[in-house]
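K.L.:
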Amino acid sequence: MLDEKDSTILEELMKDSRKTTKAIARELEIPRATVHDRIVKMEQKGVIRRYTALPDYSALSLGVSAFILVQFEAEKGLSQRDTAEEIATIRGIYEVHMISGEYDMLLKVRGSSMEDIGQLVIDRLREVRGVARTLTCACFTTVKE
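Below, the structure is given as structure tokens:
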């Protein structure tokens, strides 16, 4: 469990992972060494797994996104995890989640157009062993990512 200072430091890094310890310290009005030490501890505990860039997908011609629900069909010698891991290797699929309910997986995909995403679903995703059925939900706009 994180205390309030750690939570606030983490929130600042989630907004901008390039923010310096000096800038965070100034904003939170605590010593820079305290910020540094707390970040190191969160890294060591695995609370902070990595620092990453959040691209402007429209600038990369990947401005269209969709969520795809996948029903898994068990086959001898094939697990849901095997299928999920194979799906994760497909270019254009950015997230793969195993979920509960009528569908077994939730995918986040990106492409340059809905036609591009449709091609991914028809030509790649539905060819993966264990994929029984898909339901694609187009994303109109993203409020928070």
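Quick note: the sequence shown, position 132, residue 133 per my numbering, numbers continuous. We put the CB at the ideal spot given by N, CA and C, even for glycine.
1. Once DSSP output is grouped into helix, strand and coil, what is the label at residue 136?
2. Hey, could you find the ends of the beta strand (DSSP E) residue 8 is sitting in?
3. Specify the secondary structure class of residue 121 as computed by DSSP and reduced to three states.
4. By the DSSP assignment, the alpha helix (DSSP H) with residue 100 in it spans what residues?
5. What is the residue span of the alpha helix (DSSP H) that residue 144 lies within?
6. So, at 7 Å on beta carbons, what are the nonlocal neighbours of residue 1 in its own chain, with the 5 sequence-adjacent residues on each side left out?
7. Tell me whether residue 61 sits in a helix, a strand or coil according to DSSP, three-state version.
8. Please state the DSSP three-state secondary structure of residue 41.
9. Rank 17, 8 and 62 by C-alpha distance to the C-alpha of residue 42 and give the top, closest one.
10. Tell me which same chain residues have a C-beta within less than 8 Å of the C-beta of residue 16, skipping the five on either side of it?
P.N.:
A quick look at the data gives this:
1. strand
2. No beta strand (DSSP E) contains residue 8, which is instead part of the alpha helix (DSSP H) from 5-16.
3. helix
4. First-last for residue 100: undefined, no H or E at that position.
5. Segment: none, residue 144 is in no alpha helix (DSSP H) and carries neither H nor E.
6. Residue 1 is absent from the model: the chain starts at 2 and stops at 146.
7. coil
8. helix
9. 8
10. none
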